[in-house]
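Note that the working numbering numbers the sequence shown so that position 335 is 335, with each residue one more than the last. Note that the Cβ used here is the ideal one computed from N, Cα and C, for glycine as well.
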Amino acid sequence: MSDDWRKLLSRSILHPGDLPTTLISDADRLAGVIGAFPMKVNPYVLSVIQGAGDPIARQVLPHPDELADADRSLDPLAEECQSPAPQVIHRYPHRVVLLVSDQCAVHCRFCMRKRRVAGGGQVSSEAVHQGLQYIRERSDINEVILSGGDPLMLGDRSLIAILKAVRAIAHIRVLRIHTRMPSVLPQRVTPSLAGQLAAFQPLYINIHFNHPAELTPAAISACRRLADAGIALGSQTVLLKGINDTPEVLHRLLDTLLANRVRPYYIHQVDPVPGTSHFRVPLNEGLRIMNALRGKLSGLAMPHFMVDLPGGGGKTALLPECVEERGHPQWRIRNWQGELFKYPCH
1 MSDDWRKLLS RSILHPGDLP TTLISDADRL AGVIGAFPMK VNPYVLSVIQ
51 GAGDPIARQV LPHPDELADA DRSLDPLAEE CQSPAPQVIH RYPHRVVLLV
101 SDQCAVHCRF CMRKRRVAGG GQVSSEAVHQ GLQYIRERSD INEVILSGGD
151 PLMLGDRSLI AILKAVRAIA HIRVLRIHTR MPSVLPQRVT PSLAGQLAAF
201 QPLYINIHFN HPAELTPAAI SACRRLADAG IALGSQTVLL KGINDTPEVL
251 HRLLDTLLAN RVRPYYIHQV DPVPGTSHFR VPLNEGLRIM NALRGKLSGL
301 AMPHFMVDLP GGGGKTALLP ECVEERGHPQ WRIRNWQGEL FKYPCH
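#1: Quick check: what's the CA-CA separation for S147 versus L318?
#2: Considering only heavy atoms of the ligand ATP, does any lie closer than 8 Å to the CB of H90?
#3: What is the DSSP secondary structure of N206, counted as helix, strand or coil?
#4: Over what stretch of residues does the beta strand (DSSP E) that includes P264 continue unbroken?
#5: Going by DSSP in three states, I145 sits in which element: helix, strand or coil?
#6: Can you grab the Cα-Cα spacing for the pair L340 / C111, in whole Å?
#7: Express the C-alpha separation of A232 and R29 in angstroms, rounding to a whole number.
#8: Let me confirm a value: D308 is counted as buried when at least 16 other C-beta atoms fall within 10 Å, else exposed. Which label applies?
#9: Hey, could you find the ends of the alpha helix (DSSP H) M181 is sitting in?
#10: Taking 9 Å as the cut-off, decide whether the C-beta atoms of T179 and D150 are in contact.
#11: May I have the straight-line CA-CA distance separating Q59 from C108, to the nearest angstrom?
#12: If you compare alpha carbons, which of D271, A301, E321, G195 is closest to D75?
#13: I'd like the span of the beta strand (DSSP E) that includes H304, first residue to last.
#14: Straight-line CA distance for P274 to I89?
#15: Keeping to the same chain, check which residues put their C-beta closer than 6 Å to that of A68; ignore five residues upstream and five downstream.
#16: Output the distance between the C-alpha atoms of L163 and G338, rounded to the nearest integer angstrom.
#17: Since L98 is in the beta strand (DSSP E), which residue starts that stretch and which ends it?
#18: Smallest Cα separation from G311: which of I177, E79, S158?
#19: Can you tell me where the beta strand (DSSP E) holding E325 begins and where it ends?
#20: What's the gap between the Cα of P16 and the Cα of H171?
#21: Decide if W306 is buried, meaning its Cβ has at least 16 other Cβ atoms within 10 Å, or exposed.
#22: Can you confirm whether L67, when its beta carbon is compared against all beta carbons of chain B, has any partner nearer than 9 Å?
#23: Does the count of Cβ pairs from the segment 46-56 and the segment 279-291 closer than 8 Å reach three?
#24: Please report the distance separating the alpha-carbon of A57 from that of R326.
#25: List the whole-angstrom C-beta distance separating I267 from P303, where the pair is believed to meet the contact cut-off of C-beta under 8 Å.
#26: Please report how far the alpha carbon of P55 lies from the alpha carbon of A198, in whole angstroms.
#27: Write down every uninterrupted run of the beta strand (DSSP E) in the segment 204-239 whose length is 3 residues or greater and which is fully enclosed by it, in chain order.
#28: Run the CB neighbour count on V123, radius 10 Å, all protein chains shown included, and call it buried at 16 or more, exposed below.
#29: Can you give me the C-alpha to C-alpha distance between A213 and G234, rounded to a whole angstrom?
#30: Nearest-angstrom Cα distance between L185 and Y44?
#31: Excluding the 5 residues preceding and the 5 following R91 in the sequence, name in chain order all residues of the same chain whose CB lies nearer than 7 Å to its CB.
#32: How is F341 classed by DSSP in three states: helix, strand or coil?
#33: Got a sec? Which residues, its chain only, sit under 7 Å from A85 by beta carbon, not counting five neighbours each side?
#34: According to DSSP, is K296 part of a helix, a strand, or is it coil?
#35: In terms of alpha-carbon separation, which member of R334, A301, L8 lies closest to M153?
#36: Quick check: W331 and G295, are their CB atoms within less than 9 Å of each other?
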């Protein structure tokens with residue numbers, strides 16, 4: 001397979017009829033599905049898929065179930081209402097998201113920004129400039145998250161120019177990049193890119209991994225290349241029904257990530273955008289899974305279970321209930337094995 005990430009992207013499959021028949025048996029019935037949200041599968045991802053029902057295929061191949069909830073809001077988190085400048089989402093007091101790309105290397109069927117990614121257009125440099133100007137004028141902002149789409153869809157020159165512009169703002173202390181590239185197109189993480197990113201430390205990169213099958217030698221190599229450059233790596237995972245909704249699968253994923261210098265950060269509940277009902281895991285089940293992971297994973301590998309509240313309410317951590325009774329002078333607290341202990345409340 002080519003190491004040229006741009007060539008690989010140019011060979012992406014955009015129509016179900018071009019997929020092997022072992023993966024899609026009746027492409028015609030998916031016309032409405034890809035009309036609502038286009039398909040995009042690059043050759044690297046296709047090479048990782050082992051069959052129609054495997055965990056990678058279920059994330060990226062269109063399915064008729066996506067039409068079951070087509071009337072849902074495309075922006076349930078009200079991001080557009082919290083956008084005071086082009087390409088900026090300003091939900092929390094001291095940090096903003098700067099959307100620098102509307103493109104991705106693959107179209108995940110559960111994408112929470114389908115409304116932007118579906119068009120596949122370029123974000124104009126003028127729009128990014130206006131977003132940067134807003135950040136410059138707000139001295140109360142100290143953290144910027146580059147997101148999209150996927151920021152690493154930009155060429156090196158464009159990406160580095162944006163990073164330089166952000167770093168030149170005196171009141172910005174924390175700089176993050178959110179990307180899926182190491183898991184879906186690891187060829188993008190070239191030695192040259194890693195070396196250039198090293199100049200922007202402290203720089204934090206959060207990588208989207210959902211299943212152990214994504215941790216191929218190429219993906220692990222991409223993560224190591226970034227870590228060797230001194231970049232702090234975290235991971236974000238979406239809890240997906242039938243894909244990673246067991247303690248065993250998540251344990252393998254999170255443990256392997258930590259062993260490769262990627263610290264698990266968040267496990268997200270699927271956001272309620274159209275086409276995602278069949279991916280959603282009940283909240284009680286999500287809490288049960290998180291509780292089953294407690295005590296079995298290293299504390300360093302234990303992520304937060306997050307929901308993004310509709311209407312712009314923001315991210316909130318859901319925690320297994322450990323406190324059984326708030327008494328005086330002691331509380332009754334349940335440990336990871338379900339055993340009750342008394343603990344002084346002072």
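To lay it out plainly:
#1: Along the sequence shown, one-based indexing puts residue 147 at 147. Along the sequence shown, one-based indexing puts residue 318 at 318. Using only the alpha carbons, I get a separation of about 24 Å.
#2: Looking at this structure, you won't find the ligand ATP or any other ligand, since it has none at all.
#3: Here residue 206 corresponds to residue number 206 of the sequence shown, with the count starting at 1. Three-state result, N206: strand.
#4: By 1-based counting over the sequence shown, the position of residue 264 is 264. Unbroken beta strand (DSSP E) run through P264: 262-269.
#5: The residue you call residue 145 lines up with position 145 of the sequence shown. Of the three classes helix, strand and coil, the one that applies to I145 here is strand, per DSSP.
#6: As a first step, residue 340 must be located in the sequence shown, where it is residue number 340. As a first step, residue 111 must be located in the sequence shown, where it is residue number 111. The straight-line gap from Cα to Cα measures roughly 40 Å.
#7: In the sequence shown, the residue the question calls residue 29 occupies position 29. In the sequence shown, the residue the question calls residue 232 occupies position 232. Whole-angstrom Cα-Cα distance: 44 Å.
#8: Translated into positions along the sequence shown, residue 308 becomes position 308. So D308 counts as buried.
#9: In the sequence shown, the residue the question calls residue 181 occupies position 181. It spans 181-184 - the alpha helix (DSSP H) in which M181 sits, taken as one unbroken run.
#10: Stepping through the sequence shown from its first residue, residue 179 is reached at position 179. Stepping through the sequence shown from its first residue, residue 150 is reached at position 150. Yes, these two residues count as a Cβ contact at 9 Å.
#11: If you number the sequence shown from 1, residue 59 lands on position 59. If you number the sequence shown from 1, residue 108 lands on position 108. If I take the Cα positions, the gap works out to 6 Å.
#12: Counted from its first residue, the sequence shown places residue 75 at position 75. The candidate whose alpha carbon is nearest that of D75 is D271.
#13: Counted from its first residue, the sequence shown places residue 304 at position 304. Its beta strand (DSSP E) spans residues 304-309.
#14: Stepping through the sequence shown from its first residue, residue 274 is reached at position 274. Stepping through the sequence shown from its first residue, residue 89 is reached at position 89. The alpha-carbon atoms of P274 and I89 are separated by roughly 21 Å.
#15: For this step, residue 68 is matched to residue 68 along the sequence shown. These residues qualify, in order along the chain: S277.
#16: Residue mapping note: residue 163 aligns to position 163 of the sequence shown, counting from 1. Residue mapping note: residue 338 aligns to position 338 of the sequence shown, counting from 1. Whole-angstrom Cα-Cα distance: 47 Å.
#17: Working through the sequence shown from its first residue, we reach residue 98 at position 98. Note, L98: beta strand (DSSP E), 95-99.
#18: Start at 1 with the first residue of the sequence shown, and residue 311 comes out as number 311. Considering only alpha carbons, the answer is E79.
#19: The count along the sequence shown starts at 1 and reaches residue 325 at position 325. Run containing E325: 323-326, per the beta strand (DSSP E) assignment.
#20: Along the sequence shown, read from residue 1 onward, the residue named residue 16 stands at position 16. Along the sequence shown, read from residue 1 onward, the residue named residue 171 stands at position 171. Cα-Cα distance, rounded: 47 Å.
#21: Here residue 306 corresponds to residue number 306 of the sequence shown, with the count starting at 1. At residue 306 the sequence reads Met, which differs from the Trp that was named. Label assigned to M306: buried.
#22: The structure shown contains no chain B; it holds only a single protein chain.
#23: no
#24: The residue you call residue 57 lines up with position 57 of the sequence shown. The residue you call residue 326 lines up with position 326 of the sequence shown. Cα to Cα, the separation comes out at about 47 Å.
#25: Position 267 of the sequence shown, counted from the start, is the residue given in the question as residue 267. Position 303 of the sequence shown, counted from the start, is the residue given in the question as residue 303. About 5 Å separates the two Cβ atoms, so the contact holds.
#26: Stepping through the sequence shown from its first residue, residue 55 is reached at position 55. Stepping through the sequence shown from its first residue, residue 198 is reached at position 198. Answer to the nearest angstrom: the Cα atoms are 33 Å apart.
#27: 232-239
#28: The count along the sequence shown starts at 1 and reaches residue 123 at position 123. The residue is buried, with at least 16 neighbouring Cβ atoms inside 10 Å.
#29: Within the sequence shown, the letter at position 213 stands for residue 213. Within the sequence shown, the letter at position 234 stands for residue 234. Cα to Cα, A213 sits roughly 18 Å from G234.
#30: Along the sequence shown, read from residue 1 onward, the residue named residue 185 stands at position 185. Along the sequence shown, read from residue 1 onward, the residue named residue 44 stands at position 44. Answer to the nearest angstrom: the Cα atoms are 6 Å apart.
#31: Here the question's residue 91 lines up with position 91 in the sequence shown. So the qualifying residues of the chain are Q82, G312, G314.
#32: Position 341 of the sequence shown, counted from the start, is the residue given in the question as residue 341. Of the three classes helix, strand and coil, the one that applies to F341 here is strand, per DSSP.
#33: If you number the sequence shown from 1, residue 85 lands on position 85. Within the same chain, A85 has close Cβ partners Q130, G131, Y134.
#34: The sequence position of residue 296 within the sequence shown is 296, counting from 1. Reduced to three states, the DSSP call for K296 is coil.
#35: The residue you call residue 153 lines up with position 153 of the sequence shown. If we check each option's Cα against that of M153, L8 comes out closest.
#36: Locating residue 331 in the sequence shown gives position 331, counting from the first residue. Locating residue 295 in the sequence shown gives position 295, counting from the first residue. No, the Cβ-Cβ distance between W331 and G295 is not below 9 Å.
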